[in-house]
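Quick notes on the structure that follows.
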Amino acid sequence: MIEIPSDLHKDLVPLAFLLGNWAGAGVHDFPGSEKCNFGQEVSFTHDGRDFLEYHSRTWVLDQDGNKVRPLETESGFWRIRPDRTVEVTMTRDDGVIEVWYGEMADKKPQIDLVTDTVARTADAQPYSGGKRLYGYVKSDLMWVGEKQTPEVPLRPYMSAQLKKVVTPEDVERWAKALPDDLPDDGIAFFK
Numbered sequence: 001m002i003e004i005p006s007d008l009h010k011d012l013v014p015l016a017f018l019l020g021n022w023a024g025a026g027v028h029d030f031p032g033s034e035k036c037n038f039g040q041e042v043s044f045t046h047d048g049r050d051f052l053e054y055h056s057r058t059w060v061l062d063q064d065g066n067k068v069r070p071l072e073t074e075s076g077f078w079r080i081r082p083d084r085t086v087e088v089t090m091t092r093d094d095g096v097i098e099v100w101y102g103e104m105a106d107k108k109p110q111i112d113l114v115t116d117t118v119a120r121t122a123d124a125q126p127y128s129g130g131k132r133l134y135g136y137v138k139s140d141l142m143w144v145g146e147k148q149t150p151e152v153p154l155r156p157y158m159s160a161q162l163k164k165v166v167t168p169e170d171v172e173r174w175a176k177a178l179p180d181d182l183p184d185d186g187i188a189f190f191k
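Given below as structure tokens:
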């Protein structure tokens, strides 16, 4: 269910499907790096201004699904223009800062992004750009990332399927929004 908060900046309505806290798992595979399964927590929040604030943490998982160690952390800001162009500024823990541009798909909650600018610190690993695809599919947030370095052409390196994290406050808000005239036995509701 996509919920549009009443205090969401009007320009951000097309990005409302991203809002909330998400958690799930995925696969990481890139030449020169460890191939692994990873866990991920993502949050997209807003404060009424014309951007979404983004935070993502990933960690390596062992074969039993337990956290082993941190993998990547990134944070940034997402904006959308009236022509549905999406702009993202992102800072990553490995010393990379990126500016991404892309667009919303027509009539569906999907965003394709491509790096426009990449800046790296002196100690950052070689990296020259990337692509990402985010989509809201059957109530899940799914994404795939591609990256390239001077030695490795653009190729997929991470993808994940994330579920919306439901808080007790969410359940309470939804319960208060139920109509007062629901059947008492719960079964009649489905007849």
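Residue numbers 1 to 191, in UniProt numbering, belong to the letters of the sequence shown in order.
The beta-carbon is built from N, C-alpha and C at its ideal position, and this holds for glycine as well.
In this text the structure is predicted, and so the values were computed from the model without any measurement.
{"query": "Residue burial classification, E3 (beta-carbon count within 10 angstroms, cutoff 16)", "result": "exposed"}
{"query": "Rounded C-alpha distance that separates V60 from Q40", "result": "9 Å"}
{"query": "Cutoff 7 Å; reference T89; Cβ partners in own chain excluding five residues on either side", "result": "G76, F77 and V99"}
{"query": "Nearest to E72 (by Cα), restricted to the options P109, G26 and L12", "result": "G26"}
{"query": "Alpha carbon of A188 to alpha carbon of L8, nearest angstrom", "result": "Caution is warranted here: a pLDDT of 49 is assigned to A188, below 50, making its placement in the model unreliable, and the coordinate value is therefore given only provisionally. Distance between the alpha carbons of A188 and L8 is about 37 Å."}
{"query": "CB of K164 within 8 Å of CB of G20, strictly", "result": "yes"}
{"query": "Unbroken stretches of the beta strand (DSSP E), 3 residues or longer, contained in the segment 132-168", "result": "140-148 and 155-164"}
{"query": "DSSP state of F189 mapped onto helix, strand, coil", "result": "Summary for F189: the model assigns pLDDT 48, below 50, so the residue's position carries little reliability; its value from the coordinates is reported in the next sentence. Looking at F189 - three-state DSSP - the assignment turns out to be helix."}
{"query": "Simplified DSSP assignment, three categories, for L19", "result": "coil"}
{"query": "H46 versus L15, S139, D29 and V96, residue with shortest Cα-Cα distance", "result": "L15"}
{"query": "P82 (DSSP reduced to helix, strand or coil)", "result": "coil"}
{"query": "Beta bridge counterpart(s) of Q110 as assigned by DSSP", "result": "G135"}
{"query": "Enclosing beta strand (DSSP E) for E53 [first to last residue]", "result": "L52 to L61"}
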